Amino acid sequence: VRTAVIIPAFNEADALPGVLAELARHNPDHDLVVVDDGSTDDTAVVARAAGATCLRLPFNLGIGGALRLGFRYAVEQDYDQAYQFDADGQHDASQVGVLLAGLADADMVIGSRFIGDRGYRVGRSRGMAMALLRRLVTWICRQNFTDTSSGFRAFRRPVLELFATEYPAEYMESVETLVLAVRRGFTVREVPVVMHDRAGGRASNRNLRLAYHFVRLL
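Residue numbering for the sequence shown is 1 to 218, as defined by my numbering.
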């Protein structure tokens, strides 16, 4: 089974070497595909130095645009499955096997931070916003989800083909693609995974963005 790991990266030259090294150590048979989303630092240089394929965008499109390019590449290169992985160290390379095992009976698998108590914590206001979003998506999809904004996901080829052309570019694209996959009849499931906290934070307007996407989903 040919497997690609799609890693969107914007100015992640400092974190990326460690992330790629861990992926290669835990999953040596997976092809590393870094999508440089218009970085102004040495993201592309360090990606290639680590042996990854590096797809470069001429300017910053955001994570949605970067992932769409990665999915398109995976389809064009005839991969059987792929998973997305953050470049900032939040995702744990040792959990990839758990994620991919879920594809045995699903088309799309989401790594959830909130199944069981795995020690992942969020701030109160963000937690409330995430809970509201989770309930909305559960209602729309008629299926219970615990972590609708998780970016640690795996996909079988039919879903890759869908996202190669229809992946939204907007913020919180992860939520919209979850709804899109369910509405197109794909089987989506969650598996429990461990994740790490992001370094730093960008919480200033996150809740306003979440509220905006409540309306978009409706």
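Heads up, the beta-carbon is just placed ideally off N, CA and C, and yes, glycines get one too.
Just so you know, these numbers come straight off a predicted model, no measurement behind them.
With distance defined between alpha-carbon atoms, name the residue in the options nearest to residue i.
{"i": "A4", "options": "D31, L23, F10", "result": "D31"}
{"i": "D42", "options": "G64, L16, A24, F59", "result": "L16"}
{"i": "G38", "options": "P58, A47, V45, A24", "result": "P58"}
{"i": "R189", "options": "H196, L69, F163, N144", "result": "N144"}
{"i": "S150", "options": "A13, G89, I110, R157", "result": "I110"}
{"i": "G97", "options": "G70, F152, L132, D147", "result": "F152"}
{"i": "E12", "options": "A21, H26, A44", "result": "A44"}
{"i": "N27", "options": "A82, D147, L162", "result": "A82"}
{"i": "R72", "options": "T165, A181, V191, F114", "result": "T165"}
{"i": "G226", "options": "S174, P168, R183, L23", "result": "With the chain running from 1 to 218 in the structure shown, residue 226 is simply not present."}
{"i": "G102", "options": "I6, P8, T187, D14", "result": "T187"}
{"i": "T53", "options": "D92, G89, P8", "result": "P8"}
{"i": "C141", "options": "H196, A154, L180", "result": "L180"}
For residue i, which of helix, strand or coil comes out of DSSP?
{"i": "F163", "result": "helix"}
{"i": "Y83", "result": "strand"}
{"i": "F152", "result": "coil"}
{"i": "V45", "result": "helix"}
{"i": "R39", "result": "Looking at the sequence shown, residue 39 is not Arg but Ser. Coil, per DSSP."}
{"i": "G102", "result": "helix"}
{"i": "P17", "result": "helix"}
{"i": "H30", "result": "coil"}
{"i": "R113", "result": "coil"}
{"i": "A52", "result": "coil"}
{"i": "N207", "result": "Below a pLDDT of 50, predicted positions are generally treated as unreliable, and N207, at 47, falls in that range; the measurement from the model is reported next regardless. In the structure shown, N207 sits in a helix (DSSP, three-state: H, G or I)."}
{"i": "P8", "result": "strand"}
Who are residue i's beta bridge partners in DSSP?
{"i": "M172", "result": "For M172, which the question treats as bridged, DSSP gives no partner whatsoever."}
{"i": "T3", "result": "Q81"}
{"i": "M234", "result": "Residue 234 is absent from the model: the chain starts at 1 and stops at 218."}
{"i": "H196", "result": "H196 is not bridged to any residue."}
{"i": "L57", "result": "D37"}
Between which two residues does the alpha helix (DSSP H) holding residue i run?
{"i": "G64", "result": "63–76"}
Let's see if you can read the secondary structure: which residues bound the beta strand (DSSP E) around residue i?
{"i": "R142", "result": "Looking at the DSSP string, R142 is not in any beta strand (DSSP E), and its letter there is neither H nor E."}
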